[in-house]
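Here is the structure we will look at, set down as structure tokens.
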Amino acid sequence: MTDDLIQAPPAAPTPLEETELVRARQRSRATVMAVLLGLFVVLVFAISIVKIQLGHG
């Protein structure tokens, strides 16, 4: 009767599944960093264009 209340712990991920999870996390972090770097480049470019137009070369 009490056996129904006790649940087995979740199975540990296999090495292949664990590797896939790590790769997915790395891929998502790399994507975020690429977007942030791209936005930074656009910001620096925009600031440079504005400064050139205002003559603060």
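Sequential numbering from 1 applies to the sequence shown in the working numbering. The beta carbon of each residue, even a glycine, is placed where N, CA and C say it ideally should be. In this text the structure is predicted, and so the values were computed from the model without any measurement.
On the DSSP letters alone, give me the boundaries of the alpha helix (DSSP H) that L43 sits inside.
15 to 54
Beta-carbon separation of P10 and L21 under 8 Å?
no
Could you give the distance in angstroms between the alpha-carbon of R25 and the alpha-carbon of L54?
44 Å
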